[in-house]
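The next block holds one structure in the form of structure tokens; read it before the comments.
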Amino acid sequence: MTFAALILALLTTPLQSGLLSMVSGIHHITAVTRKVQANVDFYAGFLGMRLVKQTAGYEDATQLHLFYGDAAGTPGSLLTFLTWEDGAPGRAGYGQISEISLSINPVSIGYWLTRAMSFGVRSEGPADEFGEPVLRLKDPDNIILKLAGAKNLASPAAWDGASIPVEHAIQRVRGATMLTEKLAESRSFLETHFGYRFQASRGTIDRLVSQSGDIIDVRDARGFWSGAPGTGTVDHVAFRAADEETLLSVRKALEATDAPPTNMHDRKYFRSLYAREPGGTLLELATDKPGVTVDEEQAALGGKLFAPPEAITNLHDLKVMLPQFSMPGQPRVNYRELPFVHRFYTPPDPDGSVFVLLHGSGGNETTLMPLLNKAAPRATLLGVRGRATEEGFPRWYKRITPFSFDQNDIKTEAEAFAAFIEGAVKSYGLDPQKVVYVGYSNGANLLNSLLYLHPNLVHKAVLLRSMPVLSDYPHADLKGTDLLVISGKTDAYGKYASELEERLKSSGATVDSDVIPGGHDLGDADIPIIQKWLLQENR
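If you're matching positions, the sequence shown starts at 646 in my numbering and goes up one per residue.
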């Protein structure tokens, strides 16, 4: 029977008694991180958890999703992170999970306290919580993480591939703390639909325990502020369903109440449904199977990137666009705090060339990476994000009308970008004479302005769908500057390309130009033109 047929059959038959008892414990907890490398260093490095899966996001394929767990990626051991590079920080409050707890051997508290001090990780405790020793930490995104000495809550496949002795290894998820303004309703929701039962109460916290032995602490958060999604927050907690019949039975039970509508999903590694409990926290119910070994052998878990089957962008382009990271102990890009958000893509066999990419309106630091990777597969790509915004989307300078621009803003942002390049040259060891700049539309217009405002900065550049935007051009000697200008035959901005080319040539630049049949959009037609120009330049 297909998944769709199973849904139809179960939603049109009476609820089978006993199925709800097959919901037991936590399957995984998902949070949002701002910096993938710091996240990997903390969870795979400091905590010694195994990276068991890396995928493009199922809701947004341009968002990297990492799974950590035990050696086998067992349901109940999984912490997952959606990577929102340089995303806005969220705020923990009611309607959210505020703390995550991981299970360790109670005798390992001293080991972890010592390890935290040696790694420079701030810790609090140990303290007694419901009879368990607990060490409180914060991860790089300031998510509160507790290591709880829990008896009889061990992993069936503890990971011994890290630098941590297996007897001290993280075992599995111990639990989570839910903040709610509706304590009784939230608690009842978990007890009725997800198989938890009341264990004890301490102050404002009711502890609920599952048949699997993990816990949810439901905390009365009346008087708190509301939660806000973003980096450094927990997106949801997922509970375990034994099979699809259980999943669909819970869905039917939820629909028989006043619970908000539920959504069903096929996440490849599990089937799931989402629902919000009365206090607003997002919950998921996920099946144990197929599991993370459905597309990788256990020995190879976490070794390569997978993409959802319905992803619009192909896997090759996603590999170029998604943030790269290195496992603990491996070489990595040590990013510096510079005036512009930026991202490197390093190919498997770099040839030493570096391309600096400036996106068009509404793009970001990754937008041009797939195109330039096709044009120059062995080049290292440095994508940069403009700081101006229009209706919330990045730009390089303010626009007054489609064909007129804020002159002061162009000059200010050009000066800031020049300072960024100076910092990048020093921080990342770039050779200014060998850097190729590639700009599209708004980004290309900043580049052609830079040629006059900072004439010694850019020596070689590709200008895609560009036009002159300065009202007054200062004198600049562009002798020795090599440029490629590609315009679109049907582009509304294309009529300005010849004016731009003549100005650049009159200033001494060497300008090659070409016209593609299309309009303002980029496409495969640009690639051979760029490749031919690069070959010509490298002769």
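Here a beta-carbon is modelled for each residue, glycine too, at the ideal position from N, C-alpha and C.
- request: Could you name the residues of the same chain whose beta carbon sits closer than 6 Å to that of aspartate 862, not counting the 5 residues immediately before and after it, in chain order?
  value: Thr822, Ile850 and Arg852
message: Suppose contacts are defined by Cβ-Cβ distances below 8 Å. Is glutamate 1146 in contact with valine 1156 by that definition?
response: yes
message: With H, G and I counted as helix, E and B as strand and the rest as coil, what does DSSP make of phenylalanine 691?
response: helix
- request: Sort Pro720, Leu711, Gly718 and Asn787 by Cα distance to glutamate 744 and report the nearest one.
  value: Asn787
For aspartate 1166: DSSP bridge partner residues: Its beta-bridge partners do not exist; DSSP assigns none.
field: Per-residue burial, threonine 878 [other beta carbons within 10 Å of its own, 16 or more giving buried]
entry: buried
field: Close-in-space but distant-in-sequence residues of the same chain around proline 1189 (CB under 8 Å, 5 per side omitted)
entry: Outside the displayed range of the chain (646 to 1184) lies residue 1189, so it cannot be described from this structure.
task: Could you say which of Ala956, Gly872, Gly1125 and Pro935 lies nearest to aspartate 888 if we only look at CA atoms?
output: Pro935
message: I'd like the list of long-range same chain contacts for leucine 1016, defined as Cβ closer than 8 Å, with 5 residues on each side in sequence excluded.
response: Leu1167, Asp1171 and Ile1172
- prompt: Rounded to a whole number of angstroms, what is the C-alpha to C-alpha distance between aspartate 865 and alanine 701?
  reply: 36 Å
query: Smallest Cα separation from isoleucine 1131: which of Ile674, Asp1159 and Tyr1138?
result: Asp1159
- prompt: With distances taken from CA atoms, which of Tyr1097, Asp962, Ser971 and Gly872 is nearest glycine 924?
  reply: Gly872
Runs of alpha helix (DSSP H) lying entirely within the region 723-784, each at least 4 residues, in chain order: 754-764
- prompt: Quick one: what's leucine 792 bridged to in DSSP?
  reply: Leu747 and Leu780
query: Is it the case that the Cβ atoms of leucine 798 and aspartate 859 are separated by a distance below 8 Å?
result: yes
field: Per-residue DSSP class, three states only, for proline 1022
entry: coil
task: Spatial neighbours of tryptophan 870 within its chain, please: CB distance less than 8 Å, with the 5 preceding and 5 following residues excluded, ordered by chain position.
output: Arg736, Gly738 and Tyr739
message: For a minimum of 4 consecutive residues, which ranges assigned as the alpha helix (DSSP H) are wholly contained in the region 1113-1161?
response: 1142-1151
- prompt: Which ranges would you report for the alpha helix (DSSP H) in the region 975-1020 if only whole runs of at least 4 residues count?
  reply: 1014-1020
query: By the 10 Å Cβ neighbour count, where 16 or more other Cβ atoms means buried, how is glycine 840 classified, buried or exposed?
result: buried
- request: Please report how far the alpha carbon of glutamine 816 lies from the alpha carbon of leucine 928, in whole angstroms.
  value: 23 Å
message: Please classify histidine 1120 as buried or exposed, where buried requires at least 16 neighbouring CB atoms within 10 angstroms.
response: exposed
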